[in-house]
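Down below is the structure, laid out as structure tokens.
Residue numbers (the numbering used here), protein chains in the order written: chain A, 8 to 257; chain B, 116 to 636.
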């Protein structure tokens, strides 16, 4: 069986996953493998199902059918709270708690996991994303720029050094220059930590820049999953070709 | 130094339980007799007369004067929460029994006596002798010039006269429309005037005819002539003591004492006494004692307070300063009513708001049901509770509690539900449990909105608590109600100003708390 052969190398795996919201089909039998250390970008229009798929990986959403494996284990048998604590997560808007200072925000997961030395973990994470702990730790989220807030959100996601990080349009709300800065930082950090990452974006350029593999989704299904080079050379469908033309990466 | 407010508050029942000046030396009654009144001057006066008469015969009396209105006073009587209050036969027939008007006073009395006894077990004592019915009044100079003595006389010349009538009287069938039908009255012009100004308007010659009540003190004050209702159009409103079922059974001798003044009071007497309390602002207890003495039922000199400096002799501020001890006591009572009811409302509405946030399907319907409480007129709510809770502090606390629920519940629910959705979403995605999200994210972020709800509830509560006076719970509503009844502005202000100050203070203190709980520096 192909499934069990790849078992060791898969960090995440979905197998025939479906999800409906009333009459609307968000996921229509999606299967996908994410290898350890791989960065996969989910791309597509609004409503294509990319965020729904992302949220299945930390059980924010329970699929109607199909199977999800996390590090080879069936996700439905894992405690969702524990799963989320060991999976990094970066939402589009940062989602920092506005009533907590930056350091406390970054300490969130170490605190939830009741780890010792959590201040050290948080300060390391802040340094990693390029925010000096002495300068930023005691500030309120509202005192930071949008880019700095997003860096803090990445630091929070990485504070307990998770193997897997999920990013839901993490740089979508930033201006072009700030976005380029953060994208560069992300590439460096991912290499350093050998992170497995799943990234939702609707920016094809960002996908080409950050991902090892691009998964084009359309109406709840995978239209094509390929490396950036393969995608550029062999678009599998007319839809993918259009997408490439529109983004002017072809 | 005599303190008029203290005397008034004796009269309006604040200092319940303490015996009034000249109280009884003998105590042979098995229990206190609870004497009540409705919140207007004549009712206060008659009740105070009942009370002093009973005390002069050795009964101990509790005064619960100024109860809300007919509804509240009668509910309290019917359920034996009070023993006696002065009522009018016409009110009994029309307002309480809901019957059609009858013009013969004797027939009205027979009717209410029979019906009240069979329906409620309550007893009407023989009428006191005067009627307080609708009255049509003109300046005496005009009455002489046009030879007006009766309403039929008036009808003949009404085309030349300008009327100033209360809006109520213009509209109701037993008011102007009936007058036009029965007497053929058609005034040259009709102006709607509020009760407070119509006497001045008549005296100043702005209008020629006004409506009023036949025993108004102002009729004597402005030397007006009340025209005789020669066709007996207005329903008779004979004043009488209305007795609770239990008072009749337990203290028949006490009931008999009250019959001593049956039939003795004339309308002219009442106008004179009413003038002394409404126009001259004399203390009610001393007017009541004078009235009883003039009827020859109060032997010897009951020790009533000598008339002191009259309130109108002083400015508002010196008055408030002199009354500061009394006002402080009332304010404390008010604060107690507000504090206890608000704390209880918090204890229910806060957790309920949090529970509803977790079960949103039923939330809106529950909150809407609670919001219905807010739309109930407070007097209706108070009247409704009398059979269950009686009168006094307890029903007032319950009413204030109910009125405080909605703002706290609504703001808690909405505040927690809508608190920073981004932050809540991230907290959940990073592994906070629902309980942790509530405690560390939703509640702190909703705190300012919840506090705003508590502030709203508190300020509403301070205002509504002034109505507690109408069910005998005391507080700053007492001087407001009494002052309104007696047209005594200083007395009104002695309740209204501290109440307004209290509202500001409570809001300010809670505002400081709000800054303390505000999340994130």
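The beta-carbon is built from N, C-alpha and C at its ideal position, and this holds for glycine as well.
Margin query: Using 8 Å for Cβ pairs, my map puts residue 152 of chain B next to residue 220 of chain B. What's the rounded Cβ distance?
Written below: With a beta-carbon spacing of about 22 Å, residue 152 of chain B and residue 220 of chain B fall beyond the 8 Å limit used to define contacts.
Check: Within this structure, are the beta carbons of residue 393 of chain B and residue 181 of chain B separated by less than 8 Å?
Finding: Going by C-beta atoms, residue 393 of chain B is not nearer than 8 Å to residue 181 of chain B.
Next item on the list: Check the C-beta distance from residue 453 of chain B over to residue 580 of chain B and give it rounded, since I have them as a contact under 8 Å.
Entry: Confirmed, about 5 Å.
Item checked: Same chain, Cβ closer than 8 Å to residue 78 of chain B, neighbours up to 5 away in sequence not counted -> Chain B is shown from 116 up to 636; residue 78 of chain B falls before or after that span and cannot be answered.
Note to self: When you compare the CB of residue 205 of chain A with every CB in chain B, is at least one pair closer than 8 Å?
What the structure shows: Under the Cβ criterion of 8 Å, residue 205 of chain A is not counted among the residues facing chain B.
Next item on the list: Would you mind giving the Cβ-Cβ distance between residue 449 of chain B and residue 587 of chain B, rounded to the nearest angstrom? I have them listed as a contact below 8 Å.
Entry: The Cβ separation is near 14 Å, so there is no contact.
Check: What residues from chain A crowd round residue 566 of chain B, counting only those whose CB sits closer than 9 Å?
Finding: Chain order gives no chain A residues near residue 566 of chain B, where near means a beta carbon separation below 9 Å; the closest approach is about 14 Å.
Note to self: Counting only beta-carbon separations shorter than 8 Å, does residue 108 of chain B have a partner in chain A?
What the structure shows: Any answer about residue 108 of chain B is impossible in this case: the structure gives chain B only from 116 up to 636.
Note to self: I'd like to know whether the C-beta of residue 637 of chain B is nearer than 8 Å to at least one C-beta of chain A.
What the structure shows: As displayed, chain B neither begins before 116 nor continues past 636, which places residue 637 of chain B out of reach and without an answer.
Margin query: Given this structure, state the Cα-to-Cα distance separating residue 171 of chain A from residue 116 of chain A, to the nearest angstrom.
Written below: If you take the alpha carbons of residue 171 of chain A and residue 116 of chain A, they lie about 14 Å apart.
Check: Taking residue 378 of chain B as the reference, which of B:353, B:400, B:358 and B:388 has the closest Cα?
Finding: Of the candidates B:353, B:400, B:358 and B:388, the one whose C-alpha sits nearest the C-alpha of residue 378 of chain B is B:353.
Check: Quick one: any contact between the segment 132–139 of chain A and the segment 85–99 of chain A, if contact means 3 or more CB pairs under 8 Å?
Finding: Short answer: they don't touch.
Margin query: So, under 8 Å CB-CB, residue 266 of chain B and residue 346 of chain B are touching, yes? Tell me the CB distance rounded to an integer number of Å.
Written below: Right, the Cβ-Cβ distance comes to about 7 Å (below 8 Å), so this counts as a contact.
Notebook entry, point to check: With which residues is residue 153 of chain B paired in a DSSP beta bridge?
Noted result: None; residue 153 of chain B has no bridge partner.
Checklist line | alpha helix (DSSP H) segment containing residue 385 of chain B, residue limits | finding: Its alpha helix (DSSP H) spans residues 382–389.
Margin query: Assuming contact is defined by CB atoms lying nearer than 8 Å, are residue 556 of chain B and residue 104 of chain A in contact in what I supplied?
Written below: Yes, these two residues count as a Cβ contact at 8 Å.
Notebook entry, point to check: In three-state terms, what does DSSP make of residue 21 of chain A?
Noted result: When DSSP states are grouped into helix, strand and coil, residue 21 of chain A belongs to the strand group.
Check: Terminal residues of the continuous beta strand (DSSP E) containing residue 120 of chain A?
Finding: Taken as a continuous stretch (DSSP letters only), residue 120 of chain A belongs to no beta strand (DSSP E), as it is neither H nor E.
Item checked: Per-residue burial, residue 227 of chain A [other beta carbons within 10 Å of its own, 16 or more giving buried] -> With 16 or more other CB atoms across the displayed protein chains lying within 10 angstroms of its CB, residue 227 of chain A is buried.
Next item on the list: Specify, as a first and last residue, the run of the alpha helix (DSSP H) that residue 279 of chain B falls within.
Entry: Segment 277–280 is the beta strand (DSSP E) holding residue 279 of chain B; no alpha helix (DSSP H) there.
Next item on the list: Keeping to the same chain, check which residues put their C-beta closer than 6 Å to that of residue 101 of chain A; ignore five residues upstream and five downstream.
Entry: By the criterion of a C-beta distance shorter than 6 Å, residue 101 of chain A is surrounded in its chain by 156, 157 and 160, once the five residues flanking it on both sides are discounted.
Check: Does at least one heavy atom of the ligand NAD sit under 7 Å from the Cβ of residue 294 of chain B?
Finding: For the ligand NAD, the structure offers nothing, since it holds no ligand at all.
Check: Taking the alpha-carbon positions, what's the residue 137 of chain B to residue 523 of chain B distance?
Finding: Confidence is the limiting factor: at residue 137 of chain B the pLDDT is only 40, short of 50, which leaves the residue's position unreliable, though a coordinate-based value still follows. Rounded to the nearest whole angstrom, the CA to CA distance from residue 137 of chain B to residue 523 of chain B is 49 Å.
Margin query: Using a 10 Å radius around the Cβ and a threshold of 16 neighbouring Cβ atoms, would you call residue 218 of chain A buried or exposed?
Written below: By the 10 Å Cβ count, residue 218 of chain A comes out buried.
Next item on the list: Would you mind telling me which residues of chain B sit closer than 9 Å to residue 131 of chain A, beta carbon to beta carbon, in chain order?
Entry: Here the premise fails: no neighbours, minimum Cβ distance about 18 Å.
Check: Going by beta carbon distance, what residues of the same chain come within less than 8 Å of residue 337 of chain B, once the five residues before and after it are set aside?
Finding: Same-chain partners within the cutoff: 254, 314, 317 and 318.
Check: What is the DSSP secondary structure of residue 471 of chain B, counted as helix, strand or coil?
Finding: Residue 471 of chain B carries a helical assignment under DSSP once its states are collapsed to helix, strand and coil.
Note to self: In chain order, what are the residue ranges of uninterrupted alpha helix (DSSP H) at least 4 long that sit wholly in the segment 71–141 of chain A?
What the structure shows: If one requires a minimum length of 4 residues, the alpha helix (DSSP H) runs lying completely within the segment 71–141 of chain A are 87–92, 109–113, 115–119 and 125–135, in chain order.
Check: Between residue 116 of chain A and chain C, is there a C-beta pair that is closer than 8 Å?
Finding: Checking the listed chains, one finds no chain C in this structure; the protein chains it contains are A and B.
Checklist line | Partners in chain B for residue 100 of chain A, counting only beta-carbon separations shorter than 7 Å | finding: Per Cβ cutoff of 7 Å: 537.
Next item on the list: For residue 265 of chain B, write down the residues that DSSP places opposite it in a beta bridge.
Entry: BP columns for residue 265 of chain B point to B:343.
Check: Residues in its own chain within less than 7 Å of residue 141 of chain B by CB, not counting five upstream and five downstream?
Finding: Reliability fails at residue 141 of chain B, whose pLDDT of 45 lies under 50, so the model's placement of it is uncertain and the value that follows must be treated cautiously. Excluding positions up to five away in sequence, the list reads 173.
Checklist line | Every unbroken beta strand (DSSP E) within the segment 519–600 of chain B, with a cutoff of 3 residues, ordered by chain | finding: Uninterrupted beta strand (DSSP E) stretches at least 3 residues long and entirely within the segment 519–600 of chain B do not occur.
Next item on the list: Determine the direct distance from the alpha carbon of residue 39 of chain A to that of residue 142 of chain A, and round the result to whole angstroms.
Entry: Note on geometry: alpha-carbon atoms of residue 142 of chain A and residue 39 of chain A lie some 42 Å from one another.
Next item on the list: Please name the residue or residues paired with residue 327 of chain B in a DSSP beta bridge.
Entry: For residue 327 of chain B, which the question treats as bridged, DSSP gives the partners B:250.
Check: Looking only at its own chain, which residues have a Cβ that is under 6 Å from the Cβ of residue 148 of chain B, when we skip the five neighbours before and after it?
Finding: Here the set comprises 169, 174, 176, 198 and 369.
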